[in-house]
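Colleague:
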Amino acid sequence: MNKTNRTYMTHPVGMSGMGMGMGMSMGMGMGMSSFFKMVVFEQEHFQGKCQEFTSECCNINDCGFDNIRSIRVECGSWVGYEHIDMEGQQFILERGEYPHWDAYSGNLSYHVERMMSFRPIYCAAHQSSRMMIFEKENFLGRSVELCDDYPSLQAMGWCGTEVGSMHVQCGAFVCYEYPGYRGQQYIMECERHSGDYQRWKNWGSHCQTPKVQSIRRIQH
């Protein structure tokens, strides 16, 4: 294994291609960087070239990598993206080891073994996370407040397999396309869009459907 190259990026969580409003000032983003640390590896099972990050990376190619194939998250929670500039499929990365793609992919039906950008989730607050889900777009129709982990929304009484809109009041959640935390992943944060996700197209550039059948809080 190559020796780790330590890189401390102190710029705030970025505006890179997201088209989303950020509720984080530059000073706060920089001050919290010490609470986040992740090591990425070019090969599976923590082999090959590696580098440590404490803040976002908009393009892993700029750091001399052609791809990321294993990850060790030492502090904080992160979200990885299929493409550069925080675009494409999203992958939740909480503290722990991810020796290969299957360990963080969420059993995606759309098979992609690529992660090209990533960022910390600054607002994750597991115990105090709270959000509202709505039956229809623009916060209309039946609504339910969530403050726990729900492996099946239908089992807890939600009507149907779709969610029209969401409002994250505190913390951050990851929503999944299928029950049991499987399928496409959508990261919902109180500090992006001011916590308002008025329609499913706000969930990410990869989102093709309003289908959400399980939701859980993101670990701090």
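Residue numbers for the sequence shown follow this note's numbering, beginning at 6 and rising by one. The beta-carbon is built from N, C-alpha and C at its ideal position, and this holds for glycine as well. From a predicted model like this one, the values you see are computed outputs, not experimental measurements.
1. Can you tell me which residues form a DSSP beta bridge with Ala177?
2. Do the region 62 to 80 and the region 187 to 197 meet, that is, are 3 or more Cβ pairs less than 8 Å apart?
3. Can you check whether the CB of Glu182 is closer than 8 Å to the CB of Val149?
4. DSSP on Asp3, reduced to helix/strand/coil?
5. Taking the beta carbon of Ser110 as the centre, do at least 16 other beta carbons fall within 10 Å, making it buried, or is it exposed?
6. Is any heavy atom in the ligand FAD found nearer than 7 Å to the beta carbon of Ala108?
7. Does DSSP classify Cys55 as helix, strand or coil?
8. Could you tell me the distance, in whole angstroms, from the CA atom of Arg100 to the CA atom of Gly162?
9. On the three-state DSSP scale, how would you describe Ser133?
10. Mind reading off the beta-carbon distance from Gly93 to Tyr86? Whole number of angstroms is fine, and I expect it under 8 Å.
11. So for Phe70, helix, strand or coil by DSSP?
12. Quick one: Cα of Tyr186 to Cα of Ser219, how far?
13. For Ala41, which residues from the same chain have a beta carbon less than 6 Å from its beta carbon, with the 5 sequence-adjacent residues on both sides left out?
14. Is His172 helix, strand or coil when you go by DSSP?
15. I need the DSSP call for Trp208, collapsed to helix, strand or coil.
16. By alpha-carbon positions, which one of Cys128, Val44, Gln203 ends up nearest to Pro215?
17. Pull up the DSSP beta-bridge partners for His48, would you.
18. Excluding sequence positions up to five away, which residues of its chain have a Cβ less than 8 Å from the Cβ of Ser122?
19. For His88, list the residues DSSP reports as bridge partners.
Modeller: The short version:
1. Stepping through the sequence shown from its first residue, residue 177 is reached at position 172. For Ala177, which the question treats as bridged, DSSP gives the partners Glu194.
2. Fewer than three beta-carbon pairs drawn from the region 62 to 80 and the region 187 to 197 are found closer than 8 Å, and the two stretches are therefore not classed as touching.
3. The residue you call residue 149 lines up with position 144 of the sequence shown. The residue you call residue 182 lines up with position 177 of the sequence shown. For Val149 and Glu182, no; Cβs fall outside 8 Å.
4. Any question about residue 3 goes unanswered here, given that the chain covers just 6 to 225.
5. In the sequence shown, the residue the question calls residue 110 occupies position 105. Buried, because 16 or more other Cβ atoms sit within 10 Å of the Cβ of Ser110.
6. Looking at this structure, you won't find the ligand FAD or any other ligand, since it has none at all.
7. To locate residue 55, count along the sequence shown from 1; it is residue 50. In this structure, DSSP gives Cys55 an extended state, which the three-state scheme calls strand.
8. As a first step, residue 100 is located in the sequence shown; it is residue number 95 there, counting from the start. As a first step, residue 162 is located in the sequence shown; it is residue number 157 there, counting from the start. When rounded, the distance between both Cα atoms is 31 Å.
9. For the purposes of this step, residue 133 is identified with residue 128 of the sequence shown, where counting begins at 1. Shown here, Ser133 sits in a helix according to DSSP, grouped into three states.
10. Taking the sequence shown and counting its residues from 1, the one referred to as residue 93 is at position 88. Taking the sequence shown and counting its residues from 1, the one referred to as residue 86 is at position 81. Right, the Cβ-Cβ distance comes to about 5 Å (below 8 Å), so this counts as a contact.
11. As a first step, residue 70 is located in the sequence shown; it is residue number 65 there, counting from the start. The DSSP-derived three-state label of Phe70 is coil.
12. The residue you call residue 186 lines up with position 181 of the sequence shown. The residue you call residue 219 lines up with position 214 of the sequence shown. Tyr186 and Ser219 have their C-alpha atoms roughly 6 Å apart.
13. Here residue 41 refers to the residue found at position 36 of the sequence shown. Sequence inspection shows Phe at residue 41; the Ala mentioned does not correspond to that position. Closer than 6 Å at the Cβ level, and outside the excluded window around Phe41, lie Thr59, Cys80, Gly81, Pro125.
14. On the sequence shown, position 167 is the one that residue 172 refers to. Looking at His172 - three-state DSSP - the assignment turns out to be strand.
15. Position 203 of the sequence shown, counting from 1, holds the residue named residue 208. Helix at Trp208.
16. Residue numbering aside, residue 215 sits at position 210 when the sequence shown is read from its first letter. For Pro215, the nearest C-alpha among the options comes from Gln203.
17. The residue you call residue 48 lines up with position 43 of the sequence shown. Note that residue 48 corresponds to Gln in the displayed sequence, not to His. Gln48 pairs with Gln52.
18. Position 117 of the sequence shown, counting from 1, holds the residue named residue 122. Ser21, Glu61, Cys62, Cys63, Asn64, Ile65, Gly85, Tyr86, His88, Ile89, Asp90, Met91, Glu92, listed in sequence order.
19. Taking the first residue of the sequence shown as position 1, residue 88 is located at position 83. By DSSP's assignment, His88 forms a beta bridge with Glu92.
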